[in-house]
């Protein structure tokens with residue numbers, strides 16, 4: 034089969050779309066890690082929980098999936114801040130200077146509990162919402178609408194977060210915490226309040242990604258920790274707390290994945306992505322967009 | 009180490025630790041001392057052990073089968089249990105089942121436990137050839153008879169394991185023969201279809217089914233215009249679909265052991281509005297059909313479960329209806345019930361035919377078994393490594409229901425051709 038330019042363009046666009054959904058799942062985790070110093074292993078399980086909840090709501094009420102985008106993220110924002118207040122904040126207050134390792138252990142344990150409860154309640158079977166979005170046809174290309182929507186969402190989320198971080202006082206405070214936690218504290222920044230807010234935003238983004246996953250792919254109780262691991266790869270590639278870096282790394286991974294699938298075959302996609310990851314880390318250990 | 013480097017290093021270390029754990033774990037779990045089986049005393053129950061994939065990717069294939077096995081034991085015991093010659097009396101049976109999480113390491117751990125701690129008399133195999141190939145050496149080492157329930161890859165029967173028999177016909181063409189010969193061949197003769205694209209994952213079973221599809225395509229005159237192997241669990245098919253849209257095969261033949269792969273493939277076909285004349289989806293299990301909903305209509309695939317045609321021990325419709333009620337499982341919805349249940353029927357029959365409960369006697373009884381099961385006559389063929397005789401039927405899916413379309417002697421519906429294009433559906 035000849036590799037005509039339209040084919041290559043279509044595959045690259047599909048890679049960008051894949052990168053969008055990968056980044057959407059990772060951005061919230063990156064933000065939380067950067068601001069709070071907490072590595073929330075539960076993040077992937079939030080996504081699974083949101084996807085499962087979307088599926089159950091859709092099954093029970095036959096709602097248009099678009100409505101789920103309005104319901105689920107705010108709900109997960111509330112879940113996120115509740116989790117921060119009840120579990121993360123007491124933990125951080127006891128381990129002020131080193132919250133990372135305890136947070137990994139606690140959120141890992143929580144992720145396993147949620148996974149088991151979810152398995153018990155609804156089974157560990159793939160769940161997804163059947164949808165009827167026609168593809169977007171353009172210049173001989175056919176592009177999947179749910180993935181286009183997810184790219185739009187991740188771009189909107191990235192821009193909103195950028196605006197929030199750069200042009201609001203709370204966002205500036207969050208950036209100050211990312212840059213120098215102790216310095217921010219000495220300047221009187223209310224770190225617990227900012228952390229709670231950021232945790233809520235992170236969970237809301239995971240919720241949004243969960244709705245997309247249940248529409249584009251499927252969600253399953255046991256896949257949460259794997260999703261967190263994939264997100265961590267993107268964060269390592271993009272730089273901790275670097276929202277734009279996470280988006281760029283998602284797109285790099287997505288495009289590499291689809292182009293390798295086209296040129297060498299699907300079996301080579303993951304090995305090449307991982308090789309690229311190692312090479313990028315060796316060249317730029319602080320992330321692809323680091324200064 | 010700076011704060012940022014620390015944040016990069018920790019996730020990496022965690023990922024590495026996770027991988028190392030997966031590699032090291034089997035060595036830790038296999039440290040249980042072998043050969044500790046005590047001589048069998050008259051038991052209060054016959055213990056049959058198995059793992060079932062209640063979680064993980066295979067849960068969508070067999071996730072309720074533990075309930076079926078426990079309910080089966082309850083019903084058999086309510087009828088007095090099974091007759092054991094050596095004891096001259098009926099004895100209750102008990103299933104001891106663990107969740108292998110669709111994972112080879114976990115499966116190995118639990119088969120060790122079933123043999124060395126639970127001291128089972130007989131084992132049933134795990135789901136998939138992949139898990140079977142992993143647990144085979146463990147079972148063979150301890151010398152406990154096992155019936156492979158869901159192992160169709162020929163590689164399983166080439167291992168020379170003495171203590172194992174399997175219920176399935178392992179020949180690569182067994183899977184797709186009714187579809188290719190009875191459904192596709194007439195369409196090829198009419199000139200309606202000419203080309204086929206083959207996509208499969210890299211599990212032993214998928215490799216075998218794909219090999220069979222190539223042989224059968226050649227036999228009926230179909231040209232293979234595309235073939236691609238995907239990793240297990242692959243969920244993004246953008247590159248493959250872009251190529252398929254240009255090649256435009258008449259038939260797409262898809263075989264993946266992981267239900268999430270299957271769901272993603274069909275959804276993405278729909279997303280790019282790619283409609284072949286026929287879509288063969290080898291494993292139309294509940295874990296695929298439920299997320300797809302009406303998008304699964306027109307798919308063609310395989311099932312072993314057709315109730316009411318054959319019977320065998322505990323295989324009459326009234327018993328099966330009681331089983332379905334007790335387990336609270338709709339049996340017809342599970343294509344692999346039609347292989348697990350014959351394995352259970354074979355287990356009961358072998359235990360009743362055995363001179364004693366010693367492993368070698370049970371094994372001898374198993375190897376000499378020739379019984380009727382709910383999925384047809386079953387025997388274990390020594391010339392084929394004690395593989396079995398059960399073959400799947402071809403079904404077409406409409407509204408979540410399986411309609412048998414081939415082979416003709418079992419067909420309950422006609423094949424609806426061609427596949428209705430996505431953009432023509434409501």
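Residue numbers (the working numbering), protein chains in the order written: chain A, 34 to 324; chain B, 9 to 434. All C-beta atoms, glycine included, are put in the ideal place defined by N, C-alpha and C. Quick caveat, the model's predicted, so the values are computed rather than measured.
Within-8 Å CB hit, residue i to chain A
{"i": "residue 237(B)", "result": "yes"}
{"i": "residue 159(B)", "result": "no"}
{"i": "residue 281(B)", "result": "yes"}
{"i": "residue 247(B)", "result": "yes"}
{"i": "residue 302(B)", "result": "yes"}
{"i": "residue 403(B)", "result": "no"}
{"i": "residue 272(B)", "result": "yes"}
{"i": "residue 431(B)", "result": "yes"}
{"i": "residue 40(B)", "result": "Only weak support is given to the placement of residue 40(B): the predicted model assigns it a pLDDT of 37, under 50, and the value that follows is read from those uncertain coordinates. With 8 Å as the cut-off, residue 40(B) does not count as an interface residue toward chain A."}
Chain-ordered chain B contacts of residue i [CB-CB under 7 Å]
{"i": "residue 160(A)", "result": "299"}
{"i": "residue 253(A)", "result": "268"}
{"i": "residue 44(A)", "result": "246, 247, 250"}
{"i": "residue 168(A)", "result": "279, 280, 281"}
Assumed close pair residue i, residue j - CB separation to whole angstroms, cut-off 8 Å
{"i": "residue 424(B)", "j": "residue 418(B)", "result": "So it is not a contact: roughly 17 Å between Cβ atoms."}
{"i": "residue 204(B)", "j": "residue 259(B)", "result": "4 Å"}
{"i": "residue 306(B)", "j": "residue 394(B)", "result": "With a Cβ gap of about 38 Å, residue 306(B) and residue 394(B) do not count as contacting."}
{"i": "residue 227(A)", "j": "residue 201(A)", "result": "Contact doesn't hold; Cβ gap of about 11 Å is too wide."}
{"i": "residue 109(A)", "j": "residue 79(A)", "result": "6 Å"}
{"i": "residue 108(B)", "j": "residue 137(B)", "result": "That belief does not hold up - the Cβ atoms of residue 108(B) and residue 137(B) are roughly 14 Å apart, past 8 Å."}
{"i": "residue 370(B)", "j": "residue 130(B)", "result": "6 Å"}
{"i": "residue 85(A)", "j": "residue 176(A)", "result": "28 Å between Cβ atoms; not a contact."}
CB contact flag (residue i, residue j, <8 Å)
{"i": "residue 243(A)", "j": "residue 83(A)", "result": "yes"}
{"i": "residue 193(A)", "j": "residue 57(A)", "result": "no"}
{"i": "residue 310(B)", "j": "residue 291(B)", "result": "yes"}
{"i": "residue 312(B)", "j": "residue 347(B)", "result": "yes"}
{"i": "residue 183(A)", "j": "residue 53(A)", "result": "yes"}
{"i": "residue 161(A)", "j": "residue 299(B)", "result": "yes"}
{"i": "residue 377(B)", "j": "residue 391(B)", "result": "no"}
{"i": "residue 90(A)", "j": "residue 96(A)", "result": "yes"}
{"i": "residue 112(B)", "j": "residue 139(B)", "result": "yes"}
{"i": "residue 212(B)", "j": "residue 299(A)", "result": "no"}
{"i": "residue 277(A)", "j": "residue 189(A)", "result": "no"}
{"i": "residue 257(A)", "j": "residue 71(A)", "result": "no"}
{"i": "residue 232(A)", "j": "residue 69(A)", "result": "yes"}
{"i": "residue 397(B)", "j": "residue 320(B)", "result": "no"}
{"i": "residue 90(B)", "j": "residue 54(B)", "result": "yes"}
{"i": "residue 163(A)", "j": "residue 249(A)", "result": "no"}
Residue i at chain B interface by Cβ criterion, 8 Å
{"i": "residue 91(A)", "result": "no"}
{"i": "residue 69(A)", "result": "no"}
{"i": "residue 250(A)", "result": "yes"}
{"i": "residue 232(A)", "result": "no"}
{"i": "residue 290(A)", "result": "yes"}
{"i": "residue 299(A)", "result": "yes"}
{"i": "residue 294(A)", "result": "yes"}
{"i": "residue 132(A)", "result": "no"}
{"i": "residue 47(A)", "result": "yes"}
{"i": "residue 309(A)", "result": "no"}
{"i": "residue 135(A)", "result": "no"}
{"i": "residue 106(A)", "result": "no"}
{"i": "residue 225(A)", "result": "no"}
{"i": "residue 123(A)", "result": "no"}
Chain-ordered chain B contacts of residue i [CB-CB under 9 Å]
{"i": "residue 64(A)", "result": "By Cβ distance, chain B contributes nothing, its closest Cβ being about 13 Å from residue 64(A), past 9 Å."}
{"i": "residue 40(A)", "result": "250, 251, 253, 254"}
{"i": "residue 51(A)", "result": "244, 246"}
Closer than 8 Å at the beta carbon, the chain A residues around residue i
{"i": "residue 229(B)", "result": "Under the 8 Å cutoff, chain A gives no residues; its nearest Cβ is about 22 Å from residue 229(B)."}
{"i": "residue 276(B)", "result": "177"}
{"i": "residue 71(B)", "result": "156, 157, 158"}
Chain A contact residues for residue i, given Cβ-Cβ distances below 9 Å
{"i": "residue 62(B)", "result": "152, 156, 157"}
{"i": "residue 205(B)", "result": "Correct list: empty, because the minimum Cβ distance to chain A is about 12 Å."}
{"i": "residue 210(B)", "result": "300"}
Amino acids of chain A, ordered along the chain, whose beta-carbon sits closer than 7 Å to that of residue i
{"i": "residue 295(B)", "result": "158, 159"}
{"i": "residue 242(B)", "result": "299"}
{"i": "residue 67(B)", "result": "156, 157, 158"}
Listed by chain order, chain B residues near residue i by CB distance under 8 Å
{"i": "residue 96(A)", "result": "Per Cβ cutoff of 8 Å: no residues; residue 96(A) is ~14 Å from chain B at best."}
{"i": "residue 303(A)", "result": "239"}
Problem set entry | Runs of alpha helix (DSSP H) wholly within the segment 175 to 208 of chain A (minimum 4 residues, chain order) | As for any alpha helix (DSSP H) of minimum length 4 sitting wholly inside the segment 175 to 208 of chain A, the runs are 178 to 200, ordered along the chain.
Exercise. In the segment 310 to 385 of chain B, which residue ranges form an unbroken alpha helix (DSSP H) of at least 4 residues, counting only runs that do not cross its ends?
Worked result: Counting only runs of 4 or more, we get 325 to 335, 345 to 361, 367 to 375.
Problem set entry | Within the segment 81 to 154 of chain B, ranges of the alpha helix (DSSP H) (whole runs, at least 4 residues) | With a minimum length of 4 residues, the continuous alpha helix (DSSP H) runs that stay inside the segment 81 to 154 of chain B are 112 to 124, 137 to 150.
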